[in-house]
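Numbers -29 to -1, 1 to 889, taken from mature numbering (1 follows the signal peptide of the UniProt record, and there is no 0), label the letters of the sequence shown in order.
Reading through the structure tokens given below for one structure.
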Amino acid sequence: MNPSVSFSFSPLLLILLLLFLSSFFPIRAVDDDQDNPFPDCKLYCGEIKRISYPFRERKQPDYCSVPQGFVLDCESNTDRLLWNITSQSFLVLEINQSARILKIARVDIWDSICPETHSNTTLNSTLFNYTQKDINTTLLYNCHNSPESLTDLVKTFHCSANNVSLDGFFVRGTDLGSHKLSSSICAVIIVVPVLEDALKGLTISESSIGKVSRDAFEVEWNTMGEEECGDCINSDGRCGYNSSTDQDKFMCLLCPDDREAYGLSCVAPASVVYPAQMPDAHKNSSENENFSACTQPYECGDIKNLYFPFWGDGRPEICGHPGFNLSCMNNEYPVIHIQRLDYRLLNVSREINTMTLARLDLWDNPCSPDTSKNTTLDDIVAVNYPPTVVNLTLIYNCTKPEESLGQYFPNNFSCPKDDDRISYYVRNESQLQDLETEGLIRDRRGGVIQVPVFRIALDEIERSAADGVHSVLIKGFDVNYMEFPLCRECEWSSGRCGSNNSNGMVTCYCSGGREYLYVCPHSSGIGGGFVGILLMSIIFYIYQRRKRKQSAPRSLLSRDISSDISSVKDVEKGSSYHGVHLFTYEELVEATSCFDSTKELGDGGFGTVYYGKLRDGRVVAVKRLYENNFRRVEQFMNEVEILAHLRHKNLVSLYGCTSRHSHELLLVYEYIPNGTVADHLHGERAKPGALPWAIRLNIAVETASALKYLHASDVIHRDVKSTNILLDNNFSVKVADFGLSRLFPTHVTHVSTAPQGTPGYVDPEYHQCYQLTSKSDVFSFGVVLMELVSSLPAVDITRHRHDINLSTMAMNRILNHALHELVDPSLGFDTDPRVRKMITAVAELAFQCLQQDKDLRPCMVAVLDGLMAIQSGDYSTDNTERIDSAADETVLLKKGPLSPDSVAINWDSRITTPNASG
């Protein structure tokens, strides 16, 4: 018997052997997330697969479909695909991409032939048409005195309302007269299309009538881009839509693994000659310079680090977009030209696509404008104004009023050449008409212009005109400019965004002189030898790790973090996570001067925040989580994942983070310089009268706007409080700290979770029942509203034991007609009737938010509508009593405790409607 022979390979010999073998087998390495710059456009829902252009799911990026009419919703609990259009909801049963036909059914009638509400079926006729297979049917409800005899085309069914059974009729067609049916017999008549084939075999039974309705009907869609997208779709690609340019709007986003996007089709890689693969003799030398040129930001005076779409001076036009040309005046400030006027650029927030501008002709003084030109918008550079901006009308060359009338027209200013004349500023048309009625305006045609200004600045000047109208004008105004979503994709792929000079189309410049339409592609194939090296290195690493494991035990905590967090997502796959830039630990140590204690901005329950400055000059806030254990890692990943997908002007922007494998867990945010709302109300920045009511009300409006956006994005903040509401130098809001936030499933009314948050702000129902809903944020926001009214902290153990919690204190004061005891005296509650009415209205809204029963609280949409109505003065009281006297300091609770059904202020009706889901 031959002795057995065993071979023992050393790790190094094994690596060399496998490396030698791998050289004979070229390996194509494909990473879907890296090769696909647009992975978010893949869509399937339940049994409906491969949903393609022109449709997208609501949470997918805009570029996955055409701008409107083709957005779908996939219910995660039922896998039903829903389509909401013209205020109706349809169930999508089939999508025939080649024939461009949808088979759909009305959701309300699909669920029951007796829906709660009744309406005709309506479609957008410019986008959708019925097919020849469809036929209209008529449903009649709540019928009395039925005809003695019915034709075969009429079927009867029954619906119950208030325990009373009422007849209903199902009629083929819409000709009711021939069937002796009319609105005098039936209270409700609606028209519903169905498939004509479904009517065959219809019997008298109600179940068969319901089956006809559930067999649905078909519509054909008509949309732009079908011809342009044909090659892409026929080559198994995913077509998309580029809204950032008027030309070449359609693009081929996704291609199979063995093909690449080139123009508007998917082709084999060998047939694509990228610029980087061209012979040097055919390369455009200027393209080699584009990447480097566009890497340099635009800078002028205090304005730093501006990239696409801005260009001008030393930054070439190919690095920006037409219309965003900047000129640096005297090396002090940039100027931009929009619609025949020059504006001074004061600030840019690229994260929310907002510029702060001031009219250059009104900068030195308000008396020398080009009076023939109003401030106007366009479709790209200045798209719209945010709600913080209002129009101010300036009227020049007016007649001075008689002395007796002067007190009625205080909003005036004088110009050097006015002599016996005067100028006015007004904020609405009614004030302008008052001036005309008194004959004070000589001529509208040459002396009236409109200028946008910040609402807060205008409110301040109306309270005290000492600074004059000029102080309002030089603070400027915000304007939103067009978003270029493809540029974000380009920058995430390490490219530099620019545009084609000939047509303005967005272009991505990549290192090495390459130029692509959308992103800088990752390599789709890697040589077998290199992959072999990588593979063998991994084997060697595993070998060494096992060896160390035998000699040194690992902690339980490390194992937990490795297994549990790795199952979430491996951040190390690239230089970004969820599209968020990954910083090295060393970069942030340098930015914060080794976490210098003198640079601490704040200290919270989960970490310390430091002031920092990055190498590119950006000023940031660096959040350093305390200990790197499993709970903190989970917190870290949660905050990154949520913030990476949120874009709102009143939410703090996340610039990046470190890897979860870093020495420490660090989050990098935009720096907000003016502290928190808590600082200004009852903290180190608090001064009597320093935060007037107009600013406080605007803080409430902007915070509510941010929370409304979060809830619409299925996110519950869970830690709404005044210390998490940051303020910039214009007192604009940035809501921060999403560590406790939760993504909220759209198909449930609540989620069960252990209560977390800050004492004084936590929803009592959440605390007792562990049931988290969006109404939990509403309660916390109600506490913030009362902080804004009172300038008192949410919890103060030095107060009377019944008043330790501000929420309880506020409810008691309001119920006992003692709101005046709670209001900050510096707000003018006792001296200004207008302010008193507004504070009373806000307190009532807070009262509704602080209800113990969550179903009695309004949703954030209604809260925001109510606050905006208060801010605009568009509200009235239920009684006609004035509230000028101390005895009638509030119209609250004139007839007993308030509820959402007995309000003194006439809000939008949605405020008073209980909504369990928020």
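By construction, the Cβ of each residue, glycine as well, lies at the ideal position given by its N, Cα and C atoms.
Since we're looking at a predicted model, the values are computed, not measured.
Could you round the C-beta distance between residue i and residue j to whole angstroms and report it? I think they count as a contact, below 8 Å.
i	j	result
GLU635	ARG595	6 Å
SER693	LEU668	At roughly 15 Å, the Cβ-Cβ gap does not stay under 8 Å, so SER693 and LEU668 are not in contact.
PHE26	PHE41	5 Å
TYR452	VAL593	Not really, about 29 Å apart at Cβ, beyond 8 Å.
LEU363	VAL450	Between VAL450 and LEU363 the Cβ distance is about 15 Å, and since that is not below 8 Å, they are no contact.
LEU675	GLY731	Reading off the sequence shown, one finds Ala at residue 675, where the question assumed Leu. Contact flag wrong, Cβ pair sits at about 19 Å.
ILE161	SER58	14 Å between Cβ atoms; not a contact.
LEU297	TYR269	6 Å
CA-CA distance, residue i and residue j?
i	j	result
GLU65	ILE841	47 Å
MET839	GLY285	44 Å
PHE281	GLU641	20 Å
CYS45	GLU322	29 Å
ASN368	ASN336	16 Å
LYS126	VAL142	7 Å
residue 896	ILE768	Nothing about residue 896 can be reported from this structure: the residues present for the chain run from -29 to 889 only.
LEU835	ILE670	11 Å
ILE420	VAL397	11 Å
SER136	ALA158	14 Å
GLY208	TYR15	15 Å
CYS479	VAL551	19 Å
ARG589	ALA562	10 Å
LYS104	ASP313	59 Å
ILE643	LYS705	8 Å
ASN579	GLU462	Note on residue identity: the sequence assigns Thr, not Asn, to residue 579. If I take the Cα positions, the gap works out to 30 Å.
LYS620	ASN700	15 Å
CYS114	ALA833	37 Å
LYS446	GLN822	40 Å
CYS265	VAL319	18 Å
HIS441	ASN695	33 Å
Report yes if the CB atom of residue i is closer than 8 Å to the CB atom of residue j, and no otherwise.
i	j	result
ILE289	SER470	yes
TYR112	GLY139	yes
ILE427	ILE666	yes
VAL311	LEU331	It should be pointed out that residue 311 corresponds to Arg in this sequence rather than to Val. Not a contact, by the Cβ cut-off of 8 Å.
CYS271	PRO305	yes
TRP664	LEU798	yes
SER745	ARG689	no
LEU52	ARG29	no
LEU697	VAL623	yes
SER703	GLU673	yes
PHE818	ILE810	no
SER385	LEU365	no
VAL806	VAL760	no
LEU94	ASN193	no
VAL477	CYS468	yes
LEU73	VAL190	yes
LEU625	LEU638	yes
MET831	LEU585	no
Which of the three DSSP states is assigned to residue i in this structure?
i	result
ILE175	Note that ILE175 scores 49 on pLDDT, short of 50, meaning its location in the model is unreliable; the coordinates nonetheless yield the value given after this. Of the three classes helix, strand and coil, the one that applies to ILE175 here is coil, per DSSP.
SER856	Interpretation of SER856 is limited by its pLDDT of 32, a score under 50 that renders its predicted location unreliable; no figure is taken from the coordinates.
ILE666	helix
ILE810	helix
GLN39	coil
ASP541	Since pLDDT at ASP541 reaches only 39, below the 50 mark, its modelled position is unreliable, and no value is offered.
PRO423	strand
HIS771	coil
SER564	coil
HIS129	strand
HIS653	helix
VAL352	coil
GLN819	helix
PHE702	coil
THR729	coil
ASN877	With a pLDDT of only 41 at ASN877, under the threshold of 50, the placement of this residue in the model should not be trusted, and no figure is reported.
SER320	strand
ILE180	helix
Between residue i and the ligand COA, is there a pair consisting of the residue's CB and a ligand heavy atom that are separated by less than 7 Å?
i	result
ALA353	Inclusion of the ligand COA in the displayed structure is not the case, the ligand content being empty and no account of it being possible.
Any chance the region 773 to 783 sits against the region 749 to 758, with 3 or more Cβ pairs inside 8 Å?
yes
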